[in-house]
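Numbering (UniProt numbering), first residue to last: 1 to 324. Where a beta carbon is used, it is the ideal one built from N, C-alpha and C, also for glycine. Predicted model only: the values in this text are computed from it and were never measured.
Encoded structure:
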């Protein structure tokens with residue numbers, strides 16, 4: 001049984017309106033479910049949500065939608081998930097809650113003057129919601145780049161990121177980037193491999209050159225540095241520079257929302273999942289979809305298949321189902 005707080009795919013619909021996945025359609029599909037063709041190389045958030053709903057319906061997976069789990073405990077006879085409709089009990093639990101559900105804001109966000117309009121990308125929907133005037137986008141990943149490009153059409157945008165950007169073309173020699181990543185072995189490289197360690201050390205590359213072109217043309221500003229504090233309406237960077245701001249879009253990362261998990265041994269002191277390739281030290285508890293769970297692509301749709309098979313084998317060979 002799958003228990004979902006909303007409808008299948010709703011987490012995608014909660015993102016900003018213009019969101020496009022960074023992975024092409026071929027790399028955004030689940031086993032046995034070809035992603036439909038569309039007007040763009042990568043799916044939109046609405047296409048992804050619709051795909052997941054159709055996939056679940058086609059498989060006939062029992063899903064209890066509109067059923068948020070408010071607390072997960074581990075009584076002697078297994079696990080108990082508390083929901084508004086009553087408890088759900090199981091011997092085995094797979095936590096596939098997504099790795100980016102709890103927005104992270106730096107301390108500087110609390111130090112800024114209330115007159116500054118600030119928001120996290122998790123709460124952003126469209127440029128029209130942002131007051132006229134300059135916007136500072138804090139973050140150097142693909143989401144920050146996509147948002148900066150969109151906002152640049154209506155606002156004066158400057159990006160602050162901890163390092164100089166590294167841009168990768170979406171296609172090279174007529175072949176899509178993700179095919180090169182697949183053929184090179186990088187996409188499926190183990191999370192503890194030398195290749196994966198190199199990827200982590202260098203940080204995310206920005207896929208596509210839209211932001212690079214705007215930056216080169218002077219249409220988007222770029223400051224390299226880390227935000228370490230704020231005073232009044234100015235943010236302070238780690239090199240001592242200050243940046244006056246009237247609006248700030250924080251794209252400073254997210255973590256899994258785990259406050260409802262009340263299972264000793266499941267989380268570390270920071271509230272993050274404890275696991276070895278998705279296997280929790282708590283017998284019968286499993287994680288899915290975490291970054292670097294087993295391979296480079298574990299946290300994207302393309303990596304679900306192998307990790308799900310590994311988890312299913314572990315469950316099959318582990319504790320028997322409830323009541324047996």
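Taking every protein chain shown into account, the CB of residue 154 has fewer than 16 other CB atoms within 10 angstroms, so this residue is exposed.
In this structure, residue 274 sits away from residue 283, with a CB-CB distance that is not shorter than 9 Å.
The Cβ atoms of residue 257 and residue 101 lie closer than 9 Å to each other.
Around the beta carbon of residue 99, a 10 Å sphere encloses 16 or more other beta carbons of the protein chains shown; the residue is thus reported as buried. Under the 10 Å beta carbon count, residue 272 is surrounded by fewer than 16 other beta carbons and is classified as exposed. In the displayed model, residue 177 falls within a helix according to three-state DSSP.
Ranked by Cα distance from residue 10, the first of 53, 35, 162, 220 is 53. Per DSSP, the continuous beta strand (DSSP E) segment holding residue 221 begins and ends at 220-224.
Across the set 6, 157, 130, 267, the C-alpha of 157 shows the shortest separation from the C-alpha of residue 215. Judged by DSSP in its simplified three-state form, residue 153 adopts coil rather than helix or strand.
Here the alpha carbon of residue 111 sits roughly 36 Å from the alpha carbon of residue 288. Beta-bridge pairing by DSSP links residue 244 to 234.
Taking C-beta atoms as the reference points, residue 196 and residue 295 count as a pair closer than 9 Å. Annotation for residue 7: 65 place their beta carbon closer than 6 Å to its own, counting only its chain and skipping 5 residues before and after. Runs of the alpha helix (DSSP H) spanning 4 or more residues and lying entirely within the segment 36-121 occur at 45-59, 108-111, in chain order. Across the structure, residue 146 and residue 22 are spaced so that their CA atoms are roughly 10 Å apart. The shortest C-alpha to C-alpha distance from residue 227 to any of 90, 84, 200, 107 is the one to 107. Note that the segment 230-247 touches the segment 123-135; at least 3 beta-carbon pairs, one per stretch, sit closer than 8 Å. The residue among 266, 170, 252 with its C-alpha nearest the C-alpha of residue 212 is 170.
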